[in-house]
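Report on the structure given below.
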Amino acid sequence: MGIPAKRRRALAAAVLGRELEPPRANAESGVLLDAVSGTILDVSPHLIIIEDDEGHEERLVIAHWAKAWRGGFVAPADLPVGARVIIRALRQGKVVDRIWADVTRMTGIILSVSGRDDIAVVLDCGPHRGRRSVVIPYRSSGRVRVRYPRLEPGFLFDAIGTVEGTTALAQIPATSQPAYRAAHVPDPPAAYGGVQSKISGTAVWSDHIEAGVAYPMLEQSDTGCADAGVSCAALPYLALGSSVHVRNVCADRATVLPVVACGCMAGRFCDRCVECGTSPRGRVVELSAMSYVELGGDLTNGCFNVRVGLG
Amino acid sequence: MVAAAAQPILVFMLVIGGVAKLVTAGRDSEPGAFGRLGPAVLAPESWRKNALICCAIGEFGLVAGLLLVDHPAPRWMTVAFFTVATYVLYDLRRRRPDAGCGCFGDVSATPVGLRAISRTLVLTGMAVIVALDGSPGLPAPDWQVLAWLAGFTVVLLALSPEIEETYARLKYRAPCELRPFAPERAAARLRSSAVWRNHVHLLGSELPSDSWRELCWRFFVFEALNGAEVVFAVYLSGRRPPVRVAVVGGHTPIQQSIPVSASL
């Protein structure tokens with residue numbers, strides 16, 4: 001997507017006579033954290049060696065307070081070699097603060113449910129992500145079902161879990177289940193005062209790899225995403241390649257990110273984030289896991305309160 | 001005379017109510033539904049849509065009976081309909097104070113209040129007058145009938161919370177950044193503009209190589225004959241929307257943004 005997005009920005013800037021470069025994050029944006037992702041080559045109580053996504057070997061010191069999550073909190077040294085990790089790092093990305101291993105997020109519309117102890121769920125994750133089979137293991141089914149009482153076709157599902165082999169295991173619910181069916185998303189509130197320059201709401205993360213955000217209000221004809229253009233927050237229409245200024249209100253960190261994907265699933269959730277205070281309803285952006293961590297988010301919390309403006 | 005004025009109002013209210021309910025039932029969004037569905041919110045979720053459709057069909061049936069059947073039965077059925085509606089609204093206000101009356105679909109989103117209940121009471125009274133006196137079909141107009149008609153209309157308008165809702169919707173229309181706008185309409189606006197006519201000779205093809213929307217602008221990119229690209233930006237609001245153009249790359253220097261009105 002990269003070249004068309006840059007090209008679009010350049011052409012739009014030329015025809016509207018605006019700055020070609022989007023505003024960069026400034027001193028008020030706070031300092032972004034470092035995020036590193038890769039596969040564990042070796043790990044000891046004080047050192048972790050990973051092969052990052054570019055194939056380079058990285059050695060990071062593990063801080064004594066660092067915690068790791070792999071379906072539950074474990075000591076970093078207990079992580080298995082070969083696990084895929086996302087690391088929040090300090091000190092120019094050399095000191096490990098937090099590790100999430102084999103973490104994945106399962107967001108979609110329930111298509112079918114089967115099984116009694118271990119519950120198998122098939123999700124429709126949108127036209128661009130396709131279908132996905134997930135398993136709610138018996139040990140997690142209690143805490144998932146207390147937040148997702150209606151495991152029925154047509155309702156929304158959003159959980160955080162781990163990938164073991166080829167199986168995605170839902171470990172913790174990411175949010176409470178919306179009371180409505182996925183096809184019945186509430187209308188956004190009336191925009192009496194026009195469009196706000198900054199929109200507050202919820203930011204979540206997803207498994208998409210490209211750094212940037214998935215945004216719900218895109219024109220269907222421009223994106224090829226038949227489910228785009230649905231949101232219960234009053235969001236303006238943007239395009240793939242538009243830049244948005246994303247501020248994590250809880251951690252007071254901000255950055256400018258491009259719209260890289262259709263956020264058709266995020267738009268169907270009309271929930272609030274209570275990470276710090278109570279956000280207005282509606283998921284505004286869906287960040288890649290790396291961007292989410294860089295902005296100070298905790299992957300197991302699933303969301304942070306966000307303020308988004310057109311970059 | 002009073003019945004002659006009341007009957008057209010009953011017919012009009014039943015038709016408008018039935019159409020609005022069918023439109024609401026045909027839409028696919030919820031839970032604002034609590035505000036729109038009215039008494040149907042008391043029914044189980046899977047029955048709500050059918051309840052709305054049945055109510056609309058019942059209203060159309062009463063209209064047909066009032067206009068076409070020379071028998072007291074449809075007139076007394078209208079009385080029964082509005083009497084039950086009054087009770088249901090009273091009960092809805094007690095059990096679900098957050099729900100709108102749903103009388104006219106999603107326009108009736110205001111929670112049920114005394115005005116909505118009073119309106120149904122007035123309609124019940126009018127239905128009783130029609131049942132005691134009425135005859136089928138619409139009456140021949142005369143001055144006294146028109147005066148009563150105007151009086152009833154004023155009373156009903158005063159008792160209708162939908163008037164404020166409609167006014168607010170008209171006054172506070174969603175801004176163009178939030179409104180869907182078909183790309184085909186934007187393309188039609190572009191092709192009817194003077195900017196298009198002035199630059200069409202530069203284009204290698206009349207089909208855009210790329211098109212996207214951002215906020216209130218839709219952009220169209222065309223390959224030019226000299227290897228450059230011609231970019232048009234069409235504003236998506238207003239009757240005579242501005243259209244801008246720039247020629248980028250190729251052998252031609254990049255032109256600065258040229259604001260030109262489509263009306264020029």
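As they're listed, the protein sequences go chains U and Z. Letter 218 of the first sequence, counting from 1, is numbered 218 in the UniProt record's numbering, and no numbers are missing. Letter 3 of the second sequence, counting from 1, is numbered 3 in the UniProt record's numbering, and no numbers are missing. Note that beta-carbon positions come from the ideal geometry of N, C-alpha and C, so glycine has one too. Keep in mind that this is a model prediction, so the values were computed, not measured.
Straight-line gap, Cys121 (chain Z) to Phe82 (chain Z) (C-alpha atoms, nearest Å): Position 121 of the second sequence, counting from 1, holds the residue named residue 121 (chain Z). Position 82 of the second sequence, counting from 1, holds the residue named residue 82 (chain Z). A quick correction: the sequence has Leu, not Cys, at residue 121 (chain Z). C-alpha separation (whole angstroms): 7 Å.
Using DSSP bridges, identify the partner residues of Ala246 (chain Z). Here residue 246 (chain Z) refers to the residue found at position 246 of the second sequence. In DSSP, Ala246 (chain Z) forms a bridge with Z:Val231.
Taking Cβ positions only, does Arg307 (chain U) come closer than 7 Å to chain Z? To locate residue 307 (chain U), count along the first sequence from 1; it is residue 307. The beta-carbon of Arg307 (chain U) is placed no less than 7 Å from the nearest beta-carbon of chain Z.
Opposite Phe222 (chain Z) in the DSSP bridges: which residues? To locate residue 222 (chain Z), count along the second sequence from 1; it is residue 222. Its beta-bridge partners are Z:Val230.
Could one say the Cβ of Gly35 (chain Z) lies closer than 7 Å to chain U's Cβ atoms, at least one of them? By one-based count along the second sequence, residue 35 (chain Z) stands at place 35. Reliability of the predicted coordinates at Gly35 (chain Z) is poor, the pLDDT of 48 falling under 50, and no value is obtained from them.
What does Ala233 (chain Z) reach in chain U if we use C-beta pairs closer than 8 Å? The sequence position of residue 233 (chain Z) within the second sequence is 233, counting from 1. Within chain U, the residues Ala12, Val15 and Leu16 have their CB atoms less than 8 Å from the CB of Ala233 (chain Z), given in chain order.
What does Pro246 (chain Z) reach in chain U if we use C-beta pairs closer than 7 Å? Start at 1 with the first residue of the second sequence, and residue 246 (chain Z) comes out as number 246. One detail in the question is off: residue 246 (chain Z) reads as Ala in this sequence, not Pro. Ala14 and Val15, listed in chain order.
What do you get for Asn248 (chain U), buried or exposed, if any count of 16 or more other CB atoms within 10 angstroms of its CB means buried? For the purposes of this step, residue 248 (chain U) is identified with residue 248 of the first sequence, where counting begins at 1. The residue in question, Asn248 (chain U), is buried, as its Cβ has 16 or more Cβ neighbours within 10 Å.
Selection from U:Ala179, U:Tyr215, U:Val256 and U:Ala254 that minimises the alpha carbon distance to Tyr237 (chain U): In the first sequence, counting from the first residue as 1, residue 237 (chain U) sits at position 237. With respect to the C-alpha of Tyr237 (chain U), the residue from U:Ala179, U:Tyr215, U:Val256 and U:Ala254 having the closest C-alpha is U:Tyr215.
I'd like to know whether the C-beta of Asp271 (chain U) is nearer than 7 Å to at least one C-beta of chain Z. Here residue 271 (chain U) is taken as the residue at index 271 of the first sequence, counted from 1. No, because no Cβ of chain Z sits closer than 7 Å to the Cβ of Asp271 (chain U).
Under 7 Å from the C-beta of Pro236 (chain U): neighbouring residues of chain Z: Here the question's residue 236 (chain U) lines up with position 236 in the first sequence. Neighbours of Pro236 (chain U) on chain Z, chain order: Glu177, Leu178 and Leu215.
Quick one: list the residues of chain U neighbouring Pro183 (chain Z), beta-carbon separation under 9 Å, in chain order. Position 183 of the second sequence, counted from the start, is the residue given in the question as residue 183 (chain Z). The contacting residues are Glu219, Ser221 and Asp222.
Out of Z:Asp91, Z:Gly249, Z:Leu89 and Z:Pro74, which one is the CA nearest neighbour of Val128 (chain Z)? Numbered from 1 along the second sequence, position 128 holds the residue referred to as residue 128 (chain Z). Measuring from the Cα of Val128 (chain Z), the nearest candidate turns out to be Z:Pro74.
Bridge partners - Val260 (chain U), DSSP secondary structure assignment: Sequence index remark: in the first sequence, residue 260 (chain U) carries index 260 (1-based). According to DSSP, Val260 (chain U) bridges with nothing at all.
Just to confirm the assignment: which complete beta strand (DSSP E) runs, minimum length 3, are found wholly within the region 66-129 of chain U? If only uninterrupted beta strand (DSSP E) runs of at least 3 residues are considered, those enclosed by the region 66-129 of chain U are 84-90, 95-101, 103-114 and 119-124.
Hey, could you find the ends of the alpha helix (DSSP H) Cys303 (chain U) is sitting in? Translated into the one-based positions of the first sequence, residue 303 (chain U) becomes position 303. Where Cys303 (chain U) is concerned, there is no enclosing alpha helix (DSSP H), although the beta strand (DSSP E) around it starts and stops at Cys303 to Leu310.
Rounded to a whole number of angstroms, what is the C-alpha to C-alpha distance between Val163 (chain U) and Tyr138 (chain U)? Translated into positions along the first sequence, residue 163 (chain U) becomes position 163. Translated into positions along the first sequence, residue 138 (chain U) becomes position 138. Counting only the Cα atoms, Tyr138 (chain U) lies some 16 Å from Val163 (chain U).
Counting only beta-carbon atoms, is Ser231 (chain U) nearer than 7 Å to chain Z? Your numbering for residue 231 (chain U) matches position 231 in the first sequence. Ser231 (chain U) does not count as touching chain Z.
Say whether chain U places a C-beta atom closer than 7 Å to the C-beta of Val200 (chain Z). As a working mapping, residue 200 (chain Z) is identified with position 200 in the second sequence. The beta carbon of Val200 (chain Z) sits no closer than 7 Å to any beta carbon of chain U.
Is there contact between the region 55-73 of chain U and the region 90-102 of chain U, where contact requires at least three CB pairs shorter than 8 Å? These segments touch.
Hey, Pro280 (chain U) and Gly201 (chain U): beta-carbon distance below 7 Å or not? If you number the first sequence from 1, residue 280 (chain U) lands on position 280. If you number the first sequence from 1, residue 201 (chain U) lands on position 201. Yes, the pair counts as a contact, with Cβ atoms nearer than the cut-off.
Let's test the definition: count the other Cβ atoms within 10 Å of the Cβ of Ser243 (chain U) and tell me whether it reaches 16, buried, or not, exposed. For this step, residue 243 (chain U) is matched to residue 243 along the first sequence. Its Cβ being crowded by 16 or more others within 10 Å, Ser243 (chain U) is buried.
Could you compute how far the alpha carbon of Gly241 (chain U) sits from the alpha carbon of His64 (chain U)? Taking the first sequence and counting its residues from 1, the one referred to as residue 241 (chain U) is at position 241. Taking the first sequence and counting its residues from 1, the one referred to as residue 64 (chain U) is at position 64. C-alpha of Gly241 (chain U) to C-alpha of His64 (chain U): approximately 41 Å in a straight line.
Among U:Phe304, U:Ala266 and U:Cys125, nearest to Ala254 (chain U) - alpha-carbon criterion: The residue given as residue 254 (chain U) occupies position 254 in the first sequence. Taking each of U:Phe304, U:Ala266 and U:Cys125 in turn and checking the Cα distance to Ala254 (chain U), the smallest one comes out for U:Phe304.
Looking at Gly212 (chain U) and Pro258 (chain U), is the spacing between their C-beta atoms short of 7 Å? Position 258 of the first sequence, counting from 1, holds the residue named residue 258 (chain U). Position 212 of the first sequence, counting from 1, holds the residue named residue 212 (chain U). In this structure, Gly212 (chain U) lies closer than 7 Å to Pro258 (chain U) by Cβ.
Report the neighbours of Arg8 (chain U) on chain Z: residues whose CB is nearer than 9 Å to its CB, in chain order. By one-based count along the first sequence, residue 8 (chain U) stands at place 8. Going along chain Z in sequence order, the residues near Arg8 (chain U) (Cβ under 9 Å) are Asp210, Trp212, Glu214, Phe219 and Val221.
Please find out if some non-hydrogen atom of the ligand ADP comes closer than 6 Å to the beta-carbon of Arg268 (chain U). What this structure holds is no ligand at all, so the ligand ADP is not there to describe.
Considering only their Cβ atoms, is the gap separating Leu236 (chain Z) from Cys216 (chain Z) smaller than 7 Å? If you number the second sequence from 1, residue 216 (chain Z) lands on position 216. If you number the second sequence from 1, residue 236 (chain Z) lands on position 236. Cβ atoms of Cys216 (chain Z) and Leu236 (chain Z): closer than 7 Å.
Under 7 Å Cβ-Cβ, which residues of chain U neighbour Glu162 (chain Z)? By 1-based counting over the second sequence, the position of residue 162 (chain Z) is 162. Listed along chain U is no residue with a C-beta nearer than 7 Å to that of Glu162 (chain Z); the closest approach is about 15 Å.
For Ala176 (chain U), decide whether its Cβ has a neighbour in chain Z, counting only Cβ atoms nearer than 7 Å. Reading the first sequence from its first residue, position 176 is the one you call residue 176 (chain U). Correcting the residue identity first, residue 176 (chain U) is Ser in this sequence and not Ala. False, the Cβ-Cβ gap to chain Z never drops below 7 Å.
Taking 7 Å as the threshold (beta carbon to beta carbon), is Ala266 (chain U) in contact with chain Z? By 1-based counting over the first sequence, the position of residue 266 (chain U) is 266. Output row for Ala266 (chain U): interface = no.
What distance in whole Å lies between the Cβ atoms of Ala3 (chain Z) and Phe152 (chain Z), which are believed to be in contact at a cut-off of 8 Å? Numbered from its first residue, the second sequence carries residue 152 (chain Z) at position 152. Numbered from its first residue, the second sequence carries residue 3 (chain Z) at position 3. That belief does not hold up - the Cβ atoms of Phe152 (chain Z) and Ala3 (chain Z) are roughly 11 Å apart, past 8 Å.
Out of Z:Cys101, Z:Val243 and Z:Arg48, point me to the one whose CA is closest to Ser193 (chain Z)'s CA. Here residue 193 (chain Z) refers to the residue found at position 193 of the second sequence. Taking Ser193 (chain Z) as reference, the option from Z:Cys101, Z:Val243 and Z:Arg48 with the minimal CA-CA separation is Z:Val243.
I'd like the span of the alpha helix (DSSP H) that includes Glu294 (chain U), first residue to last. In the first sequence, counting from the first residue as 1, residue 294 (chain U) sits at position 294. Secondary structure note for Glu294 (chain U): its alpha helix (DSSP H) is the uninterrupted segment Ala289 to Glu294.
Proximity below 7 Å, CB of Ala14 (chain U) to CB of Glu214 (chain Z): Residue mapping note: residue 14 (chain U) aligns to position 14 of the first sequence, counting from 1. Residue mapping note: residue 214 (chain Z) aligns to position 214 of the second sequence, counting from 1. No.
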